[in-house]
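Q:
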Amino acid sequence: MKKLQVLPVKARRNSSDRSVWPNWRGPTRNGVATGSGYAVSWSQDDNIRWRVPLPGLGASTPALWGDRLVLTCDIEGHDGVLCVDRDGKECWRQTLGDIRPGKHKKATGCNSSPITDGEHVWVYFKSGELACLSLADGGIVWKTNLQEQFGEDTLWWDLGTSPVLTKQAVVVAVMQTGPSYLVAFDRQTGAVLWKHDRMLDAPEEAAQSYSTPLVVAGHADWNEPTEMLIVLGADHVTTHDAADGREIWRVGGLNPEGDKFFRSIA
8 MKKLQVLPVK ARRNSSDRSV WPNWRGPTRN GVATGSGYAV SWSQDDNIRW
58 RVPLPGLGAS TPALWGDRLV LTCDIEGHDG VLCVDRDGKE CWRQTLGDIR
108 PGKHKKATGC NSSPITDGEH VWVYFKSGEL ACLSLADGGI VWKTNLQEQF
158 GEDTLWWDLG TSPVLTKQAV VVAVMQTGPS YLVAFDRQTG AVLWKHDRML
208 DAPEEAAQSY STPLVVAGHA DWNEPTEMLI VLGADHVTTH DAADGREIWR
258 VGGLNPEGDK FFRSIA
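Residue numbering for the sequence shown is 8 to 273, as defined by the working numbering.
1) Output the boundary residues of the beta strand (DSSP E) element that contains residue 101.
2) Residue 115: buried (16+ other C-beta within 10 angstroms of its C-beta) or exposed?
3) Determine the burial state of residue 57: buried for a count of at least 16 other Cβ atoms within 10 Å of its Cβ, exposed for fewer.
4) With a 10 Å radius around its C-beta and 16 neighbouring C-beta atoms as the bar for buried, classify residue 264 as buried or exposed.
5) Under the rule that 16 or more other beta-carbon atoms within 10 Å means buried, what is residue 230, buried or exposed?
6) Can you give the Cα-Cα distance for residue 228 and residue 221, rounded to whole angstroms?
7) Less than 7 Å between C-beta atoms, sequence neighbours within five positions excluded: which residues of the same chain meet that for residue 82?
8) Is residue 180 helix, strand or coil when you go by DSSP?
9) With a CB to CB cut of under 7 Å and the five nearest residues on each side skipped, what residues in its chain are close to residue 258?
10) For residue 118, count neighbouring Cβ atoms within 10 angstroms of its own Cβ and tell me buried if that reaches 16, exposed if not.
11) Beta-carbon within less than 7 Å of residue 105's beta-carbon, same chain only, minus the 5 sequence neighbours each way: which residues are those?
12) Assuming residue 167 contacts residue 131 under a Cβ cut-off of 8 Å, what Cβ separation, rounded to an integer in Å, is found between them?
13) Could you give the distance in angstroms between the alpha-carbon of residue 109 and the alpha-carbon of residue 121?
14) Following the continuous alpha helix (DSSP H) through residue 155, name the residue where it begins and the one where it ends.
15) Suppose contacts are defined by Cβ-Cβ distances below 8 Å. Is residue 252 in contact with residue 189 by that definition?
16) Would you call the CB atoms of residue 173 and residue 97 closer than 8 Å?
17) Quick check for students: name the residue ranges of the beta strand (DSSP E) that lie wholly in the stretch 178-265, counting only runs of 3 or more.
18) Sort out for me which residues DSSP pairs residue 32 with in a bridge.
19) Under the DSSP definition of a beta bridge, which residues are partnered with residue 136?
20) Please name the residue or residues paired with residue 166 in a DSSP beta bridge.
21) I need the DSSP call for residue 114, collapsed to helix, strand or coil.
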């Protein structure tokens, strides 16, 4: 099944914000674009610059760097990555493992958003496939599969979390009923740098999370690490040292009634 993707937007682009939207919710991870003059309404004809038919279903947010826009979608039954330029012309496409379909009738196995540093792009799928590709031509730098390494996921619904980048690693959060963890892979080689088990006492589906970690700078005056990860899931917020995954602090009590369907989204 093909789905028509309508992509941006007639707008005035400033040099400060025109070329980089590298990940889920943008460079500051708050969904806010700097600058002004953006279109605020659309129709079939108004404020549409171009349209591109996708090879298959996908629900990821595109990542933009310079003139390259990357998203994920089903490509002939495989976890797929599609790259187009600012005019909608296809630059490349890449396929990885066999797609794992979504549970909901409108769901996909390609929900997680890609993330790029301008040289490489990292992608993650419901099948467990995690890969680093060249942004220039889509060549596979490395790939692995989290479910083959660490066990199948137990999420009731479909994957929601997206990978994040630290200075050294690409980090994925797996928060579910049963074994839950954060895992960091070397950005360039795919080697596992660390894995931190994140087992917290949350009932049934409340243990499951669809949120994406935040990467933040630590405060030296507070004796914090240089770089930290903030994670929401299993009725807790936890903060971890990005260098080794160790937990620094946690806050619980987010689900005081112990509701077993209390899920974490963002």
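All residues carry an ideal CB built from backbone N, CA and C; glycine is no exception. Since this is a predicted model, take the numbers as computed values, not measurements.
A: The relevant details are as follows:
1) 97-105
2) buried
3) exposed
4) exposed
5) The residue in question, residue 230, is exposed, as its Cβ has fewer than 16 Cβ neighbours within 10 Å.
6) 21 Å
7) 62, 63, 100 and 102
8) strand
9) 243 and 244
10) buried
11) 84, 85 and 134
12) That belief does not hold up - the Cβ atoms of residue 167 and residue 131 are roughly 11 Å apart, past 8 Å.
13) 18 Å
14) Start and end: 153-157.
15) Contact flag set, yes.
16) no
17) 188-193, 199-204, 221-224, 234-240, 243-248 and 254-258
18) DSSP, once it has assigned bridges, lists no residue as partnering residue 32.
19) 152
20) Answer by DSSP bridge pairing: none, since residue 166 is not bridged.
21) Residue 114: coil per DSSP, three-state reduction.
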